[in-house]
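I have placed the structure first, in the form of structure tokens, so that the comments after it can refer back to it.
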Amino acid sequence: MGVLNGRSRRFVKQALIYLCLTVGAFVMIFPLLWMFSTSFKTPWEIYDVNILPQSFQLSNYEHLLKNTGFLRWLWVSSVVVICTTASVLVFDSLVGYTLAKLQFRGKNIIFMAILATLMVPTEMLIIPWYIMSVDMGLRDTYLGIMFPGMITAFGIFLTKQFYEGVPNDLLDAARIDGLNEVGVYARIALPQVKPALSALIIFNFLGNWNAYLWPLIVAQSPHMRTIPVGISFFSNEVTTAWHLIMTASSCAIVPVLVVFVIFQKHIIKGVQLSGLKG
Amino acid sequence: MRRGKRLTLRQQQEVWAYAFLGIPLLFFAFIRFYPALSAFNISLRDWSLLTTAKPFVGLQNYRDIFADEVFWKALKNTFTYALLGVPLQLIIGLSVALLLHNIKHWVPFFRALYFVPYVTSVVAVAWVWRFMYQPHIGIINRFLLDLGFEQIQFLRNPSTALYSILAMIIWHGVGFQIVLFLAGLQMIPDMYYEAAQIDGANSWQIFFRITLPLLNPTIVFVVVMSSIRYLQVFSEVMNMSNEGLGGPLNSTISTVLHIYRTAFHRFDMGRASAMTVVLFAIVLVITIIQMKLVTRKYEF
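What follows is the structure in structure tokens.
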């Protein structure tokens with residue numbers, strides 16, 4: 000009797016936990032579902048506030064691609080994401096390797112200096128960056144949008160951490176075999192830290208795809224807007240055309256959701272890694 | 000002979016190291032260090048983008064910003080965002096993580112659903128929330144009407160606008176903390192719980208005497224990360240407030256939004272830089288407090 004009682008109490012408790020979690024999860028994803036639902040509605044249906052559209056219209060997507068700057072924003076965002084990711088992959092992993100595996104004077108000072116840059120909030124750098132961009136003609140250029148993120152202290156620490164787990168004997172053996180330092184780095188060390196590289200690619204993609212403050216400042220003409228900047232100015236073009244704003248937001252979020260679904264494990268691991276380091 | 004060879008190898012490695020570090024060091028010098036120093040320099044000058052002369056004015060910009068009502072309003076709002084947002088997000092994040100830690104099935108599935116908002120573009124979801132908050136066509140107000148309540152002018156009423164934006168910020172950021180807390184909980188060895196149960200401890204005692212102290216490093220990290228993030232809040236306010244300028248009546252304006260307005264609408268770079276220096280000082284103080292808290296942990 001007592002056992003049964005305890006068992007049923009545990010069952011009720013478990014059921015309550017699942018219920019709470021389900022309600023919470025619904026709150027978390029509802030705004031996204033609502034966004035997608037609205038993106039398939041006609042302008043008239045906005046006033047009905049129905050949960051689902053009467054029929055799934057693709058006309059908003061057609062309008063967005065044909066009559067607005069969205070494809071251009073998509074292009075600018077893609078160029079920025081691809082170039083910064085390539086740059087970060089090369090430089091962050093190279094610096095991480097050098098700091099972890101090569102012996103040279105001034106190593107600690109360089110390491111501390113890079114560490115110190117993490118203390119300065121980006122907002123403090125933005126005004127000097129803007130003045131530099133004006134002086135060097137980088138406003139409204141891809142390089143202007145990208146340059147602050149070409150090398151990141153975060154990526155350097157991440158890769159350095161992983162390189163430290165690579166045995167020195169492996170690298171020395173390659174050196175004895177006559178490989179020069181570039182070869183040791185590129186052919187021996189780099190393949191050993193693939194998990195760090197994939198985390199780096201994903202976080203860099205998310206960070207640059209969603210970046211807002213700096214692209215908003217440096218890209219002043221409409222043809223150099225990234226997707227977030229485009230969306231934030233979109234409401235002026237299509238005054239309260241909520242069906243179109245929700246369509247643009249959906250298009251901004253779909254690629255991220257795809258990346259998230261595919262690389263979920265890597266992303267969660269990466270977040271945990273950043274937490275454990277702190 | 001062998002020794003000589005080894006020495007040259009050493010020297011060779013040093014040359015390679017500097018070659019590898021060449022471009023990155025230039026990058027950090029010109030894109031990180033120089034601008035940080037430059038911000039201090041600009042903050043001491045009357046630096047308008049519209050004129051060529053940038054005369055040195057000492058601390059005048061600092062005097063100006065502390066005499067500026069909107070700056071105080073922005074600081075007050077920023078601390079309101081932080082002082083409400085950080086604990087609320089912490090409590091929600093920790094509660095969900097504890098619930099997730101107590102079930103056996105579907106944990107990765109739930110975790111993914113809670114985490115999803117974190118990866119979405121802040122600007123895109125800010126507009127989604129703005130749409131949901133609308134009177135008449137907004138789903139939240141429709142829901143309130145259906146339940147027999149009156150509509151709320153969430154973003155248009157100075158007394159509710161800030162909290163409406165805050166709700167969205169918490170929604171967007173809480174998934175990150177859930178993932179961290181869940182990982183932290185999973186690292187606590189079961190034997191602590193078993194020992195406590197044998198000693199007859201109840202759930203609350205277990206939570207406050209075991210779970211919370213052992214989770215302390217994660218909590219400190221999360222609180223510092225989110226404090227810094229809240230102090231830098233910008234995109235949400237920019238995209239959700241009336242006119243995108245921190246309205247209505249500056250009730251939602253944040254420090255960074257005020258910096259943005261001062262620098263890029265009024266082109267007063269000197270004053271805006273002085274504000275960034277103040278922001279830097281606040282972030283620095285919080286970082287130092289974090290270091291103190293973390294090192295205290297290692298003392299016993």
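Protein sequences appear in the order of chains C and W.
Residue 221 in numbering that gives the first Met the number 0 sits at position 222 of the first sequence; the count goes up by one each step and never skips.
Residue 111 in numbering that gives the first Met the number 0 sits at position 112 of the second sequence; the count goes up by one each step and never skips.
The C-beta atom is built at its ideal place from N, Cα and C for all residues, glycine as well.
query                                                                                                                                                                             : result
If we count the other Cβ atoms within 10 Å of its Cβ and call it buried at 16 or more, is W:E68 buried or exposed?                                                                : exposed
May I ask you to report which of helix, strand or coil DSSP gives W:R155?                                                                                                         : coil
Can you tell me the Cα-Cα spacing of W:L300 and W:V56, whole angstroms?                                                                                                           : Because residue 300 of chain W is not part of the residues shown, which for chain W are 0 to 299, the question remains open.
Can a CB atom of chain C be found closer than 8 Å to the CB of W:Y113?                                                                                                            : yes
Pull up the distance between the alpha-carbon of W:F108 and that of C:G5, whole angstroms please.                                                                                 : 28 Å
Extract the residue ranges of the alpha helix (DSSP H) inside the stretch 50-112 of chain W, only unbroken runs of 4 or more that lie entirely within it.                         : 59-65, 68-100
Touch check for the stretch 253-267 of chain W and the stretch 62-77 of chain W: three-plus C-beta pairs under 8 Å?                                                               : yes
Using the C-alpha atoms, what's the distance from W:G137 back to C:A152?                                                                                                          : 42 Å
Are the C-beta atoms of C:E180 and some chain W residue less than 8 Å apart?                                                                                                      : yes
Strictly below 8 Å CB to CB, what residues from chain W border C:F103?                                                                                                            : Q12, E13, A16, Y17
Among C:R104, C:W128, C:L169, C:I144, whose alpha-carbon lies nearest the alpha-carbon of W:L20?                                                                                  : C:R104
Since W:F130 and C:M245 should fall inside the 8 Å C-beta cutoff, what is the C-beta to C-beta distance between them, to a whole number of angstroms?                             : 6 Å
Any Cβ of chain C within less than 8 Å of the Cβ of W:G3?                                                                                                                         : Caution is warranted here: a pLDDT of 49 is assigned to W:G3, below 50, making its placement in the model unreliable, and the coordinate value is therefore given only provisionally. Not an interface residue.
Output yes or no for whether 8 Å exceeds the beta carbon distance between W:V178 and C:Q271.                                                                                      : yes
Below 7 Å CB to CB, which residues in the same chain sit around C:H222 once its five sequence neighbours on both sides are set aside?                                             : R71
In terms of alpha-carbon separation, which member of C:T37, C:I150, C:P30, C:F233 lies closest to W:L112?                                                                         : C:P30
Could you pull the start and end residues of the alpha helix (DSSP H) that C:E61 belongs to?                                                                                      : 58-66
Strictly under 8 Å for the Cβ-Cβ distance: is W:T7 near chain C by that measure?                                                                                                  : no
Check this for me: beta carbons of W:G84 and W:Q176, under 8 Å apart or not?                                                                                                      : no
Could you say if the stretch 260-269 of chain C and the stretch 46-62 of chain C meet the contact criterion of at least three C-beta pairs nearer than 8 Å?                       : no
What number of angstroms, rounded off, separates the C-alpha of W:F206 from the C-alpha of C:I113?                                                                                : 39 Å
Which residues, in order along the stretch 67-79 of chain C, keep a beta-carbon less than 9 Å from a beta-carbon of chain W?                                                      : none
Decide yes or no for the touch test of the stretch 211-230 of chain W against the stretch 74-90 of chain W: beta carbon pairs closer than 8 Å, at least 3 of them.                : yes
Across the stretch 201-216 of chain W and the stretch 244-251 of chain W, are there enough close Cβ pairs to call them in contact, namely three or more that are closer than 8 Å? : no
Of the residues W:N215, W:A166, W:A35, W:A195, which one's Cα is nearest the Cα of W:M186?                                                                                        : W:N215
Does the CB of C:P127 have a neighbour CB from chain W at under 8 Å?                                                                                                              : yes
Measuring alpha carbon to alpha carbon, tell me which residue in C:Y17, C:G177, C:I267 is nearest W:G174.                                                                         : C:I267
Considering only their Cβ atoms, is the gap separating W:L154 from W:M239 smaller than 8 Å?                                                                                       : yes
If you measure from the beta carbon of W:F206 to each beta carbon in chain C, is any gap under 8 Å?                                                                               : no
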